[in-house]
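Numbering (full-length UniProt numbering), first residue to last: 1 to 633.
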């Protein structure tokens, strides 16, 4: 007899997701079965793990299975498991609420385009709610392992904003989901259709999926009996030989393990033997999840020990810069009662981690060096989706720094497009005779980097400069000071030593300009006072009158702004002001003594604006510019 029946409302986001899913995913509606079987498999994995500490949870039902059945008369499809099950509180939390970080961002990215939204929903994970693609009513009955028969819970909803919850009696642990099919969905009341969907999407599931179907006699006539058939191979896919696994099976296993909608970009599958024995099956997704940069996002790969599931997000098995990688690691050496604390300081885990990193970097090496268009396109896709995150490895993974740097791609003045397609090896191969440095500029955006006045002399001499505009690029540049014997040099820091690229006439002209402008430089220094460290003649500018430069060992203005925007206290450093002696405005400094101070300040402030800085006194800047306009300067 049921008790404590109540009607509750879905979380607002659940209602929105249900509406979107029914319309956006309808063209691939059979995925509901994949999702519900995947959930049942996860429930069995969790029970196996819990039973390591408490064997009584398995009670007298140790054989974990998933059952799929259908009833043509009632027009229902049922998926049942004897896994961990749920309590009343679990049901409210996991079924009535989307307990996921990044939920708000997910809904902000929805476009109204059904095809694009279908991909985004796939990244978010459709899970249990996919049942409403084919069902107009869903009944879920569940009992938590270790609880009594009368502690079971029944949840029911028509997906219209509300659900009912009541206590019922259930003889065994686990979860049973009954889908009351919509009109027109009778194709799923067919043993061959269900069997085909299970084999297509869930053949890799490591526990048996049993399909209940009507029994037939030798002539194919239906009997008034039922037979049960194991539809899948029921062995963990990663334990099989690579030769026995098809491309489609690899792809479907990825969708199961990553809860993704699309096929993966590439994968690595290997059995490692030696001091540690483990199997890894690691995937690079096709698309970055919308919450990749969410600090609270749970990430990592599934850890198994001797095919027993241990944990879902073993983040210690891969470094942070590879947090987008999905898959499984199955160890033969770790204890079954391994905990996150043990993972923290385990030499075995360190060895597995190093091996997994090596496999992923090797996979990326293969894509980057591929002679085939498909491989090249896959690497371009990888970089467009994960390049910004991957760059974090330069500062995070010292042991693989050179290898990571080799895979990094950048925009540059050569192509002058925002696409990051230039490798450091490409750059070095194109270096000018006499050039011994890899030059780069950092800025808040590609446009700001591409239009930086610091690039003028480099464009004049045809010297390529890398254009770095990702937030991580400042940290990359501070960690990667040299590559393949070539020093990386910011074009906006220190004195620019380009003597090897200048002829004797240019050097003589620069020296003469410095001597001629020396009195003006001293007056500008006095006028600007504490705002600058020094004033000097530039070797960088050909068209602009002025620019700001950081000292060799000082923090760049761009990095200073990034740290301040992140709420960090930054000790201010004074910039160096460089003036272009051939520019008309700089020549006016000598000819207009009455407006000298206004002009000196405007030259400093416009240089600050050009590099993306903010003026302390915008009104004062406007007043000075207006004064110079009125003077006819």
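For glycine and all other residues, C-beta sits at the position ideal for the given N, C-alpha and C.
Would you mind stating whether residue i and residue j have Cβ atoms separated by less than 8 Å?
i, j, result
"residue 424", "residue 441", "no"
"residue 267", "residue 283", "yes"
"residue 166", "residue 8", "no"
"residue 587", "residue 599", "no"
"residue 39", "residue 132", "no"
"residue 211", "residue 223", "no"
"residue 152", "residue 142", "yes"
"residue 353", "residue 407", "no"
"residue 157", "residue 32", "no"
"residue 513", "residue 581", "yes"
"residue 532", "residue 493", "no"
"residue 320", "residue 396", "yes"
"residue 265", "residue 299", "no"
"residue 578", "residue 549", "yes"
"residue 382", "residue 361", "no"
"residue 159", "residue 367", "no"
Can you check which of these residues, the options, is closest to residue i by C-alpha distance?
i, options, result
"residue 186", "29, 354 and 536", "29"
"residue 356", "382, 247, 314 and 387", "314"
"residue 172", "80, 509 and 381", "80"
"residue 208", "188, 350, 453 and 232", "232"
"residue 635", "307, 300 and 301", "Examination of residue 635 is not possible in this model, given that the chain is present from 1 through 633 alone."
"residue 526", "494, 601, 481 and 463", "601"
"residue 147", "137, 180 and 88", "88"
"residue 643", "341, 368, 331 and 365", "The question about residue 643 has no answer here: the residues shown for the chain are numbered 1 through 633."
"residue 245", "204, 225, 276 and 258", "204"
"residue 349", "363, 382 and 301", "301"
"residue 487", "431, 376 and 575", "431"
"residue 347", "310, 395, 378 and 276", "276"
"residue 214", "363, 309, 189 and 291", "189"
"residue 624", "612, 614, 613 and 596", "596"
"residue 484", "401, 364 and 229", "401"
"residue 419", "437, 429, 393 and 385", "385"
"residue 628", "78, 159, 603 and 613", "603"
"residue 76", "451, 392, 293 and 176", "176"
"residue 415", "390, 381, 435 and 463", "463"
"residue 311", "4, 506, 48 and 54", "48"
"residue 273", "137, 255, 333 and 309", "333"
"residue 304", "281, 289 and 449", "281"
"residue 496", "436, 322 and 91", "436"
"residue 450", "417, 93, 481 and 184", "417"
Got a sec? Which residues, its chain only, sit under 8 Å from residue i by beta carbon, not counting five neighbours each side?
i, result
"residue 465", "412, 413, 439, 440, 441, 455, 458 and 491"
"residue 50", "57, 84 and 145"
"residue 235", "206"
"residue 444", "469, 558, 561 and 612"
"residue 198", "33, 37, 68, 209, 211, 231 and 232"
In chain order, what residues of the same chain lie with their CB nearer than 6 Å to the CB of residue i, ignoring the 5 residues before and after it?
i, result
"residue 470", "388"
"residue 421", "409"
"residue 174", "81, 82, 83 and 85"
"residue 154", "141, 166 and 168"
"residue 271", "279"
"residue 229", "211"
"residue 583", "545"
Taking all protein chains shown into account, do 16 or more other C-beta atoms lie within 10 angstroms of the C-beta of residue i, making it buried, or fewer, making it exposed?
i, result
"residue 553", "exposed"
"residue 474", "buried"
"residue 10", "buried"
"residue 336", "exposed"
"residue 216", "exposed"
"residue 101", "Caution applies to residue 101, whose pLDDT of 45 falls short of 50 and renders its modelled position unreliable; the model cannot decide the point."
"residue 291", "buried"
"residue 340", "exposed"
"residue 617", "exposed"
"residue 398", "exposed"
"residue 392", "buried"
"residue 453", "buried"
"residue 371", "exposed"
Suppose the cutoff is 7 Å on Cβ atoms and the five residues either side in sequence are ignored; what does the same chain contact list for residue i look like?
i, result
"residue 135", "179, 180, 181 and 182"
"residue 257", "302, 326, 327 and 328"
"residue 170", "141, 143, 149 and 152"
"residue 343", "314, 316 and 349"
"residue 538", "547, 578, 579 and 580"
"residue 242", "269"
Taking only heavy atoms of the ligand GDP into account, decide whether any of them is closer than 7 Å to the Cβ of residue i.
i, result
"residue 32", "Among the components modelled here there is no ligand, and therefore nothing to report on the ligand GDP."
Exercise. Counting Cβ pairs, one atom from each stretch, are 3 or more of them under 8 Å apart for the segment 531-549 and the segment 604-618?
Worked result: The segment 531-549 is in contact with the segment 604-618.
For this session: Specify whether the segment 33-52 and the segment 60-67 touch according to this definition: at least 3 beta carbon pairs, one from each stretch, less than 8 Å apart.
Result: Short answer: they touch.
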